[in-house]
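Peer 1: I am attaching a structure below and will ask some questions about it afterwards.
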Amino acid sequence: MGCRWAGPMRGRTGPGWIPAEWAAGGPGWATGLGRKAGPGRWLELDRGGVPVQPANGGAPSLLKCHEEERSALLELKRSLKEGPEYCYYKFFSPGDYKKLESWKPEDGQEGGNCCTWRGVQCDRHSGHVISLNLGNACLYGSINSSSSLLRLVHLENLELTANKISFSPMPPEISNLSRLTVLDLSKNVLTGEIPSSLGNLTRLSYLALSYNYLTGQIPSFLGNFYELSQLYLDNNQFTGQIPSSFCNLTPLSRLYLSQNQLTGQIPPFFGALTQLSELGLNDNRLTGQIPSLLGNLSQLSLLNLSLNQLTGQIPSSLGNLTRISTINLWHNQLTGEIPDSLITLQQLKSLYLSSNKLTGPIPSQLGSLIHLENLDLSWNGFHGPVPSSISHLSNLTYLNLSVNNLSGDLHLVMFSGLKRLKILGLSFNDFSLLLEPNANESYPTALGSRFGFMQVT
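Start counting the sequence shown at 34; every next residue gets the next number (the working numbering).
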């Protein structure tokens, strides 16, 4: 299908949630692009309901939920088990697995009003249930075609992340929830393929299905979600290529397709998704070159293409990513030298280029990246001396230059000003390490230093 280079926004925005984790690194470090699921944009009502001012000017009363929706929620509660043994995370508080305690069936009492229940929000005008937030609630059970959840047709926000709820497979009746703008089913037990009926949820601005067991190809109809700003499909078992229809998703700010079995090349049209701030395609089977058009993504702060089979040179256009803080190209088959343009990225904090086939000298102006905290150039073919400008990288905590062809004299005093350095890898090179007398007190506590296979004088 052809690309809509400017998908309609129709006034909607995403939930404003920012992933809290970016795990990226070289050998022995986190290689994926992790993401911790968080709450959607709707506020949870712990108690009190929605106050409504009576027409006679008397005291406000509580808006009552609709009986059919209250019954559906109570039926949902009966179908689920709740307890610490079902918690997704190892560490939890008692409040995590007691979210359903306030869901009581008594009529004529506050407990019978579902608008006051934890995790439930009602529309202040109609009284319909519009948000259900049961994320990280230590729940166990299954959702199938007959589940009462699918009768809550006024839902706009549904978050069930980080439970042990089975969708085997995802019921096609999910299309009943056509008003949804936020759908988070991540970190559960979703199996099978994404049903075509999900394509009816065209109002979605936030879709998270990550950390499940979904299979098959990523459906092309997701490219029809023109209001989508955040899409998380990482940590599943998807195969095939990235759908060409994704060229329509111009509002996208965060896209995670990492840790699947995707093949083919990185589509050049990604360069037209200029709102992207985070792009995670790592740990797949992607081939071909890194598209130079990625340099058009002026909002990009995180780029992870590690653990693929990418070839060719690192595009110099990546030097246009002036807001980038993390570049991870670890474990590919990239060749050539580090582009000089990367040394101009003043916001860069983490650069992982290890386990490639890169050659040439380490750029002498590397020390101008003053915000750099993590630098991994190991397992390449870099030659020549270690640039003295590295001594200017005062924020470095991790530096790995191991397994290269670096040569010359390396004065250990070069690292004496790197007070934050914790891990230093220099082994398997050809340089001579020079130790200045009585200088030990000025060295950082690089507890992980590895000096094997070097001449120390």
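Don't be surprised by glycine CBs; every beta carbon is placed ideally from N, CA and C.
Quick one: what's got a C-beta closer than 6 Å to P252's C-beta in the same chain, skipping five residues either side?
Peer 2: Your numbering for residue 252 matches position 219 in the sequence shown. I227, listed in sequence order.
Peer 1: Do you know whose CA, among G249, F303, R236, lies nearest N257's CA?
Peer 2: Locating residue 257 in the sequence shown gives position 224, counting from the first residue. Comparing Cα positions, the closest option is R236.
Peer 1: I'd like the list of long-range same chain contacts for N196, defined as Cβ closer than 8 Å, with 5 residues on each side in sequence excluded.
Peer 2: Within the sequence shown, numbered from 1, the residue matching residue 196 stands at position 163. Excluding residues within five positions, the ones whose Cβ falls inside 8 Å are Y119, Y121, L167, G168, N169, A170, C171, L172, Y173, K220, N221.
Peer 1: Considering only the beta carbon of each residue, do R356 and L327 sit closer than 8 Å?
Peer 2: Here residue 356 refers to the residue found at position 323 of the sequence shown. Here residue 327 refers to the residue found at position 294 of the sequence shown. In this structure, L327 does not lie closer than 8 Å to R356 by Cβ.
Peer 1: Round the Cβ separation of F415 and G441 to the nearest angstrom and send it over; I've been treating them as touching at under 8 Å.
Peer 2: For the purposes of this step, residue 415 is taken as the residue at position 382 of the sequence shown. For the purposes of this step, residue 441 is taken as the residue at position 408 of the sequence shown. Not quite, the Cβ-Cβ distance comes to about 12 Å (not below 8 Å), so this is no contact.
Peer 1: Going by beta-carbon coordinates alone, are G225 and M203 separated by less than 8 Å?
Peer 2: Taking the sequence shown and counting its residues from 1, the one referred to as residue 225 is at position 192. Taking the sequence shown and counting its residues from 1, the one referred to as residue 203 is at position 170. For G225 and M203, yes; Cβs fall inside 8 Å.
Peer 1: Quick check: the Cα distance between S383 and L375, rounded to an integer number of angstroms?
Peer 2: If you number the sequence shown from 1, residue 383 lands on position 350. If you number the sequence shown from 1, residue 375 lands on position 342. About 12 Å.
Peer 1: Go through its chain and collect everything with a Cβ distance to N353's Cβ below 8 Å, but skip five positions before and after it.
Peer 2: For this step, residue 353 is matched to residue 320 along the sequence shown. Result list for N353: G328, N329, S331, S374, in chain order.
Peer 1: Whole angstroms is fine: what's the gap from L467's alpha carbon to H404's?
Peer 2: On the sequence shown, residue 467 is found 434 positions in, with the first residue counted as 1. On the sequence shown, residue 404 is found 371 positions in, with the first residue counted as 1. Spanning the two alpha carbons is a distance of roughly 27 Å.
Peer 1: Just how far apart, CA to CA, sit D316 and R103?
Peer 2: Walking along the sequence shown from the start, residue 316 turns up at place 283. Walking along the sequence shown from the start, residue 103 turns up at place 70. Their Cα atoms are separated by approximately 44 Å.
Peer 1: Measure the C-alpha to C-alpha separation of Q270 and S180 and round it to an integer number of angstroms.
Peer 2: To locate residue 270, count along the sequence shown from 1; it is residue 237. To locate residue 180, count along the sequence shown from 1; it is residue 147. A straight line joining the alpha-carbon of Q270 with that of S180 spans about 26 Å.
Peer 1: Between L242 and E260, what straight-line distance do the alpha-carbon atoms span, to the nearest angstrom?
Peer 2: The residue given as residue 242 occupies position 209 in the sequence shown. The residue given as residue 260 occupies position 227 in the sequence shown. Computed Cα separation, rounded: 17 Å.
Peer 1: For my contact list, L319 and Q298 are in at a C-beta cut-off of 8 Å; report their separation, rounded to the angstrom.
Peer 2: Here residue 319 corresponds to residue number 286 of the sequence shown, with the count starting at 1. Here residue 298 corresponds to residue number 265 of the sequence shown, with the count starting at 1. Contact annotation, L319 with Q298: C-beta distance approximately 7 Å; criterion of less than 8 Å satisfied.
Peer 1: For G61, I'd like the list of residues in its chain whose CB is within less than 8 Å of its CB, leaving aside the five on either flank, ordered along the chain.
Peer 2: Taking the first residue of the sequence shown as 1, we reach residue 61 at position 28. Residue placement at G61 is poorly supported in this model, since its pLDDT is 32, which falls under 50; the coordinates are not used for a value here.
Peer 1: On the DSSP letters alone, give me the boundaries of the alpha helix (DSSP H) that L107 sits inside.
Peer 2: As a first step, residue 107 must be located in the sequence shown, where it is residue number 74. Per DSSP, L107 belongs to the alpha helix (DSSP H) from 100-112.
Peer 1: Given a threshold of 16 other Cβ atoms within 10 Å of its Cβ, counted over all protein chains shown, does H364 qualify as buried or as exposed?
Peer 2: Residue 364 sits at position 331 when you count from the first residue of the sequence shown. By the 10 Å Cβ count, H364 comes out buried.
Peer 1: Of all the beta strand (DSSP E) runs that stay within the bounds of the stretch 310-338, which reach a length of 3 or more residues?
Peer 2: Complete beta strand (DSSP E) runs here, min 3: 311-313, 320-322, 335-337.
Peer 1: What does the Cβ neighbour count give for D463, buried or exposed, with the cut at 16 atoms within 10 Å?
Peer 2: Here residue 463 refers to the residue found at position 430 when the sequence shown is read from its first residue. Classification for D463: exposed.
Peer 1: Skipping 5 residues on each side, what residues in its chain have a beta carbon closer than 7 Å to that of E139?
Peer 2: Taking the first residue of the sequence shown as position 1, residue 139 is located at position 106. Taken in chain order, the residues that qualify are G145.
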